[in-house]
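Numbering (this note's numbering), first residue to last: 67 to 302.
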C-alpha cells in the first residue's frame with residue numbers, strides 16, 4: 067500500500083494537476099494507493115478540488131509545512147509514504163524507483179528537481195548551483211520525498227520546530243537507518259516564487275537561511291518567501 071501525502075495551503079490552481087500526476091504514476095506502478103491532501107488553513111477551493119479529484123482530505127490549521135506533512139502521515143495507512151508538494155508533478159519512475167530503493171535497503175530518498183518552465187538567467191544559475199551542492203550532499207528536496215512507514219515514525223517524522231528546511235533535517239535523520247537515495251528522474255516543481263517575487267527578495271530570503279541558520283528556520287515571520295501566501299492566478 068502506497069500513501070501519497072500532499073500538504074496544501076490555497077492550492078486550488080495547482081492541486082488538480084498534482085493529484086493527476088500522482089494517480090497516473092501510482093496506477094502505472096500496479097500498487098494499491100491512497101492520496102491524502104492535508105488542507106492547511108486554506109481559504110479557497112483547495113478542499114473541494116481535492117475531494118472532486120478523489121483524494122482524502124485532512125484539515126489542519128497550523129500554517130506549518132512540517133506539521134501538515136506529519137498530520138498526513140498520521141492519517142495514512144500505507145507501508146510506503148510519499149510526500150509530494152501541491153505544485154509538483156511526478157511520473158511512474160519516481161514511484162517505481164522509490165519502491166525499488168526501499169526494497170534494496172534504502173532508508174528513504176528524494177529526486178532531483180526541474181522547474182516547470184524557463185526562468186530568468188540569474189534564477190537558473192542560482193537554482194543549478196543549489197542543486198549541485200544540495201544533491202551532492204545527498205539531501206532530499208521537500209517537493210518529493212519518500213520513506214517507509216516504519217522509518218518515518220522511527221525518526222519522529224518532520225521536526226516541527228522548523229518552518230523551512232525541515233526536509234534537510236528529515237533526510238539526515240533517515241540516513242541513520244540506511245542509504246538515502248536520490249532518484250535521477252527530475253520531479254517537476256513550480257518556479258512561481260521566482261516569477262512572483264523580485265530577485266532581491268528571493269536572494270535575501272535564501273541568504274538569510276544560509277547565514278542565519280536554525281534560528282531563522284524556527285520563525286515563520288522570517289520566512290515570508292514561503293509563508294506570505296501569494297499565489298499565481300493561472301498555471302504555467
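Just so you know, even glycine gets a beta-carbon here, dropped at the ideal spot from N, CA and C.
Annotation for residue 137: 104, 124 and 126 place their beta carbon closer than 6 Å to its own, counting only its chain and skipping 5 residues before and after. The region 142-161 makes contact with the region 244-253, as at least three CB pairs between them are under 8 Å. Here the region 77-85 lies against the region 112-120, with 3 or more beta-carbon pairs under 8 Å apart.
Between residue 73 and residue 83, the alpha-carbon positions lie close to 14 Å from each other. Unbroken beta strand (DSSP E) runs of no fewer than 3 residues, entirely contained in the region 136-204, are found at 146-150 and 174-181, following chain order.
For a cut-off of 8 Å, the C-beta gap from residue 284 to residue 227 is around 6 Å, short enough to register as a contact. In the pairwise beta carbon analysis, the region 231-246 is classified as touching the region 209-220: at least three pairs are separated by under 8 Å.
When rounded, the separation of the alpha-carbon atoms in residue 294 and residue 262 is 11 Å. Taking all protein chains shown into account, residue 145 has fewer than 16 neighbouring C-beta atoms within 10 Å of its C-beta and is therefore exposed. Within a 10 Å sphere around the beta-carbon of residue 282 sit 16 or more other beta-carbons, which makes this residue buried. Scanning 246, 265, 214 and 272 for the CA closest to the CA of residue 230 turns up 272. Note on geometry: alpha-carbon atoms of residue 233 and residue 193 lie some 17 Å from one another. Its chain contains 158 as the residues whose beta carbon lies nearer than 7 Å to that of residue 94, once the 5 sequence neighbours on both sides are disregarded; these appear in chain order. A buried status is given to residue 132, since no fewer than 16 other beta-carbon atoms sit within 10 Å of its beta-carbon. Look at residue 104 here: in three-state DSSP terms it is strand.
The straight-line gap separating the alpha-carbon atoms of residue 69 and residue 224 is approximately 16 Å. In the structure shown, the three-state DSSP call for residue 277 is helix. By the neighbour-count definition (other C-beta atoms within 10 Å, threshold 16), residue 184 is an exposed residue.
Relative to residue 143, the option among 109, 99, 106 and 180 whose CA is nearest is 99.
Taking 4 residues as the shortest admissible run, the region 238-289 contains the following complete alpha helix (DSSP H) segments, listed from N- to C-terminal end: 258-262, 265-278 and 280-283. Under the three-state reduction of DSSP output, residue 226 falls in the coil class, being neither helix nor strand. The three-state reading of DSSP puts residue 109 in coil, since its state is none of H, G, I, E or B. Between residue 92 and the set 165, 109, 111 and 130, the nearest pair of CA atoms involves 165. Residue 245 and residue 176 have their C-alpha atoms spaced approximately 12 Å apart. A direct Cα-Cα distance of roughly 19 Å separates residue 257 from residue 86.
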